[in-house]
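Novice: Take this structure, written in structure tokens, and hold onto it; I'll ask about it next.
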Amino acid sequence: MTTSRIPTTRATAAPARRAARGAGAGAFASRRGLMLGPSVQSALEALWANRLRSLLTILGVIVGVAAVIAVVTLTQGTSAVLNARVAGLGTNVLTITPGATTTGGARGGAGTRQSLTQADADALTAVPHVANVSPLLSANTQILAGAQNWNTRAQGVYPGFQAIGNWQMAEGTWFSQADEDNAQPVAVLGQTVVDNLFTPTGTDPLGQSILMNGQTYQVVGVLQSKGATGFGNQDDVAYIPFATARARLTNATFVSQIQVQVDATDNVDATQQAVTALLEQRHQIAAGGSDDFTVRSPTQFVQTAQQSAQTLAILLIGIAAISLIVGGIGIMNIMLVSVTERTREIGIRMAIGARRGDIRNQFLIEALTLSAGGGAAGILIGLGGGLALTHAFQLPFVLSVVAIALAVGVSMLVGIVFGFYPAVRASQLDPIVALRTE
Amino acid sequence: MRTDDAPAGAAERASDPDARDAVSSQRDVPDARERLSDHESEGAHAVISVRRLAKVYRMGQTSIPALRGVNVEVARGEFVAIMGPSGSGKSTFMNLLGCLDRPTSGEYWLNGREVSRLSADAIADLRNRHIGFVFQGFNLLARATALANVALPLLYAGMPREERERRARRALRIVGLGNRLEHHPQQLSGGQQQRVAIARALVNSPSLLLADEPTGNLDTRTGMDIMAILQRLNGFGLTIVLVTHEADIAAYAQRQISFRDGLVVSDQAVTQQRSATDELQELLARRSADGAGGEPVRIREEQA
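So the sequences go chain by chain: A and B. Heads up, the first sequence is in our numbering, so the first residue is 1 and it goes up one at a time. Heads up, the second sequence is in our numbering, so the first residue is 1001 and it goes up one at a time.
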């Protein structure tokens, strides 16, 4: 027994006594509803006493919430990229790809079937409200510049593609109609290509010679960066005249796609119909027959992206729901065990004046703490996973507040729903029996 | 607040070396009396008034009468021992007195209030405010400190945290455990645990302390110590009802009520009430050749 300790406690004793008498009657007259603070504290103590068990119990909730958050983060990143790309395309550009539309799968179909020709593209210039048309011929290729090399995508396009793709020049100029007509070996390089071929040596790319497929091209222009928007970096490209591509790069008869710029956004729908009609006519597709090409406007791009995001979301909600139900059952199971184990504690609490509601709330709050803890851990793990995934796919990391709020809400709901029965069972115990339990 | 308290604390400390016993007696006597007197304003009723109290347990088809019409009055400040062999109905009677169970018929007036028909919540509040329990098995919460255990009833009374701890500390000092506030039950001896339980029973200033075989799990000397505390509390005016099957223990009470087959068979005053404090002093005097006899037994004997 230390002497230093006693005086400290005593020092507060005398006034405390006076205060106690004054506050006594009032304090006893009122009861607090939930006693949230002490209940949460006692819940944490109880859960901490069985930490391994608590952790295993909330694993289901953690996995469910983490999976949802991670994939939501990934989808948000993807749609951010898609939106950026659609915005980059301009709202008045129609994209025509070979192959028929299949919901959600049309994007992958580009180039898999061959039906579009340069003649198709040229014919479309006659359609009203069409400002620019360009066929695209794509090929993956290696570019050499001095000792540097870089693998990129070379695209043969008409000079008018600068307007379609809304490209600004950082240096030099876009190739001219004359270059196209004469199939000149000239190239306009994207910023990423320049960064990899010329920046290391500190050379000004303009006027330099590069080798593509063993053939020499002259760099006439460098594009302003559109910013790396993730997978399929738009700056990682080399544009060459279409005729040059046809002659030197690939001898394909068919083009990868055709892009059409409409003069005004209001005319996009009408032009889309006219373009479709003209191509059907040219491809001799009877009315009601299935097209061998797809014409999409930017809005449709968005719709397609939204559709696939929706499908993914429904799938996710399903997985999350199953995981959370499983997690909830785990919580209910462990709470029932806990009630049984702590029967005597419940008896003691009842004997010293806990109401049935107090006991119920205690266990309810414990279940809630458990599931909310699982939810919080799941959110953190999910965000970490999402961060890693978006980083791996070079997507922007978008924090979805809605998803997090939803995860918190749902995990707490799980705690309440699945914790309710054990809590009620605890509150219905007979104090005499409970006190006698060993 | 601390600065205001300092002179009072210093004054108290000054008188300290004289008698450590005073920690529990002189310091707490006025205090305890004041607290207990709160209830006197509620009227001059008997604390307990039981009329034709009966309890029948049903087990399937058969009915087992545990209490068959009991009439008992306990006045304020009495120290009553309930005795009887197992199956005599004394435990049932205890559960009814403690409002842990409801009678099949009859009336139970606690502090002038008929309680057997009250709602479950009202009965919980009643237990909280008017009854303090001391059990044979201590029944402390293992995870909670002594202080938290003692403060628990105040939590259910809806008292703010500071006030809870203040009162719990005071109750622990009354039972001589002012220096064991942060200990967990497993760090305390049986006697100390029972004293924590007594502090918990006291903390809400109950009208009635119900002790169910409080010395059953303790050795003789520690049991004596517990009885000394109960007698001292009774001396301050606390009404105590003690259930025991040991005549030795019952002899510390002022009055003995014997049960048999669900009926009261005898109800008489104890002619020669034993004093646990005196007996302890004698016991210690006999045992101590090393001069420990003068020490305050309530604190010291646990450490020996």
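Every residue gets a Cβ at the ideal spot worked out from N, C-alpha and C, and that includes glycine.
1) Would Arg-425/A count as contacting chain B if we go by Cβ distances under 8 Å?
2) Starting from the beta carbon of Met-350/A, find every residue of chain B whose beta carbon is closer than 9 Å, and list them in chain order.
3) Please tell me whether Arg-1200/B has its Cβ less than 8 Å away from any Cβ of chain A.
4) What residues of chain A sit near Tyr-984/B, judged by a beta carbon separation below 7 Å?
5) Taking Cβ to Cβ, would you say Phe-418/A is nearer than 8 Å to Ala-372/A?
6) Thinking just about the alpha-carbon of each residue, which of Leu-197/A, Pro-241/A, Gln-218/A, Ile-164/A is nearest to the one in Ala-178/A?
7) Just to confirm my understanding: we take Leu-144/A, look at its own chain, exclude 5 residues before and 5 after, and list those with CB closer than 6 Å. What are they?
8) Write down the C-beta distance between Ile-346/A and Ile-359/A rounded to the nearest angstrom, noting that I regard them as a contact closer than 8 Å.
9) How many Å lie between Arg-1286/B and Glu-1279/B at the Cα?
10) Bridge partners for Trp-1109/B per DSSP, in chain order?
11) Which one of Ser-1288/B, Gln-1268/B, Asp-1212/B has the shortest CA to CA distance from Lys-1090/B?
12) In three-state DSSP terms, what is Lys-1090/B?
13) Taking CB distances under 8 Å as the criterion, tell me whether Ala-1120/B reaches chain A.
14) Nearest CA to the CA of Arg-1099/B: which residue from Ala-354/A, Ile-62/A, Ala-252/A, Thr-390/A?
15) Does the beta carbon of Pro-1153/B come closer than 8 Å to any beta carbon on chain A?
16) Tell me which residue opens and which closes the beta strand (DSSP E) that Ser-134/A is part of.
17) Which residue from Gln-215/A, Ser-290/A, Ala-376/A puts its Cα closest to that of Gly-415/A?
18) Is the stretch 1184-1196 of chain B touching the stretch 1209-1224 of chain B, taking contact as three or more C-beta pairs under 8 Å?
19) With DSSP collapsed to three states, give me the class of Met-1159/B.
20) DSSP three-state label for Arg-1027/B, please.
21) Buried or exposed: Asp-1031/B, going by 16 or more other Cβ atoms within 10 Å of its Cβ?
22) Kindly indicate which residue of Ile-1229/B, Ala-1247/B, Asp-1248/B, Arg-1173/B has the alpha-carbon position closest to the one of Ile-1240/B.
23) What does DSSP give as the partner residues of Trp-48/A in its beta bridges?
24) Provide the residue(s) that pair with Leu-94/A in DSSP beta bridges, ordered along the chain.
25) With a threshold of 16 other CB atoms inside 10 Å of the CB of Pro-135/A, please say whether the residue is buried or exposed.
26) Determine whether the beta carbon atoms of Leu-1172/B and Ala-1199/B lie at a separation below 8 Å.
27) Our contact map puts Trp-174/A next to Val-194/A with C-beta atoms below 8 Å; I'd like the distance itself, whole angstroms only.
28) Hey, could you find the ends of the alpha helix (DSSP H) Glu-180/A is sitting in?
29) So, under 8 Å CB-CB, Ala-1250/B and Met-1083/B are touching, yes? Tell me the CB distance rounded to an integer number of Å.
30) Please report the distance separating the alpha-carbon of His-1245/B from that of Arg-1117/B.
31) For a contact meaning CB atoms closer than 8 Å, what does Phe-1133/B contact in chain A?
Specialist: The answer reads as follows:
1) Judged by the 8 Å Cβ criterion, Arg-425/A is not in contact with chain B.
2) For Met-350/A, the chain B residues whose Cβ falls inside 9 Å of its Cβ are Leu-1100, Ala-1124, Arg-1127, in order along the chain.
3) Yes, its Cβ sits closer than 8 Å to a Cβ of chain A.
4) Lying before the first or after the last residue shown, residue 984/B is absent from chain B, which here runs from 1001 to 1304.
5) No, these two residues do not count as a Cβ contact at 8 Å.
6) The shortest C-alpha separation from Ala-178/A is found at Pro-241/A.
7) Cβ contact annotation for Leu-144/A (same chain, cutoff 6 Å, sequence separation greater than five): Leu-211, in chain order.
8) About 6 Å separates the two Cβ atoms, so the contact holds.
9) Answer to the nearest angstrom: the Cα atoms are 10 Å apart.
10) By DSSP's assignment, Trp-1109/B forms a beta bridge with Ser-1049/B, Glu-1114/B.
11) Ranked by how close their Cα comes to the Cα of Lys-1090/B, the residues Ser-1288/B, Gln-1268/B, Asp-1212/B have Asp-1212/B in first place.
12) DSSP, reduced to helix, strand and coil, places Lys-1090/B within a helical segment of the structure shown.
13) Taking 8 Å as the threshold, the shortest C-beta distance from Ala-1120/B to chain A falls below it.
14) According to the sequence shown, residue 1099/B is Cys rather than Arg. Sorting Ala-354/A, Ile-62/A, Ala-252/A, Thr-390/A by C-alpha distance to the C-alpha of Cys-1099/B places Ala-354/A at the top.
15) So, interface residue.
16) Boundaries of the beta strand (DSSP E) harbouring Ser-134/A: 130-145, taken from the DSSP string.
17) Among Gln-215/A, Ser-290/A, Ala-376/A, the Cα nearest to that of Gly-415/A belongs to Ala-376/A.
18) Under the three-pair Cβ rule at 8 Å, the stretch 1184-1196 of chain B counts as touching the stretch 1209-1224 of chain B.
19) Coil, per DSSP.
20) Because the pLDDT of Arg-1027/B is 35, which lies under 50, any placement of that residue in the model is unreliable, and the number read from its coordinates should be weighed accordingly. Look at Arg-1027/B here: in three-state DSSP terms it is coil, with no helix or strand label.
21) Here Asp-1031/B scores only 43 on pLDDT, less than 50, and its place in the model is too uncertain to base an answer on.
22) Minimum Cα distance to Ile-1240/B is reached at Ile-1229/B.
23) As DSSP reads the structure, Trp-48/A sits in no beta bridge.
24) Leu-94/A is bridged to Val-260/A.
25) With 16 or more other Cβ atoms within 10 Å, it is buried.
26) Yes, these two residues count as a Cβ contact at 8 Å.
27) Here Trp-174/A is actually not in contact with Val-194/A; their C-beta atoms are around 15 Å apart, not less than 8 Å.
28) Counting along the chain, the unbroken alpha helix (DSSP H) around Glu-180/A starts and ends at 177-181.
29) So it is a contact: roughly 5 Å between Cβ atoms.
30) Cα to Cα, the separation comes out at about 30 Å.
31) When 8 Å is used as the limit between beta carbons, Phe-1133/B is near these residues of chain A: Ala-351, Ile-352, in chain order.
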